[in-house]
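Have a look at the structure below, then the notes.
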Amino acid sequence: MLYIKRIGAIACLLHLLQAPAAFAQRTPGEVDSSLLPAQYAHYQPEYTLDAPVNKQAWLDQKSGLHVSFVSTDRAWFRTEAPDQKDAVLWEAAGWRGERLNTEILIWSPDTLEQVRVNLANLVNEKGNAIPKFKQILFAWPMCR
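Right, dumping it as structure tokens:
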């Protein structure tokens, strides 16, 4: 019985000695926080931690601001030029009480200082409207 207790104690001791090495390793995708600049409450220049994979795609874009309604099922990286054509009309149908979603994708190959968006009521073909302040959620998740 004493022999089994010694083996158990040695196994626990070895396990405890190896635990710090397991927690000291970085997880995949972790960014070294010393590389990130300090954040401030006021406007500051855009971070340049990422770069486009295909720089030519930005050069092939027409100059000016582009806007399109896009699916919420796709992720849009802020450094990549969208392979999307401008679509300024969004049509959707749903049952009463059903939520309908879309994203507004705004991009430009030019450097823009400020973009303003004016929201309006959602109106159907009969002229019935859903007030913008009641149903539209607007956020700037990422800007380029």
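Numbering (the working numbering), first residue to last: 693 to 836. The beta-carbon is built from N, C-alpha and C at its ideal position, and this holds for glycine as well.
query: How many Å lie between residue 789 and residue 764 at the Cα?; result: 19 Å
query: Let me check understanding here. Comparing Cα to Cα, which of 786, 771 and 794 lies closest to residue 744?; result: 771
query: Run through DSSP, which three-state label would residue 749 get?; result: helix
query: Specify the secondary structure class of residue 760 as computed by DSSP and reduced to three states.; result: strand
query: How many angstroms separate the CA atom of residue 791 from the CA atom of residue 784?; result: 10 Å
query: Nearest to residue 811 by alpha carbon, out of 762, 819 and 823?; result: 823
query: Given a threshold of 16 other Cβ atoms within 10 Å of its Cβ, counted over all protein chains shown, does residue 773 qualify as buried or as exposed?; result: buried
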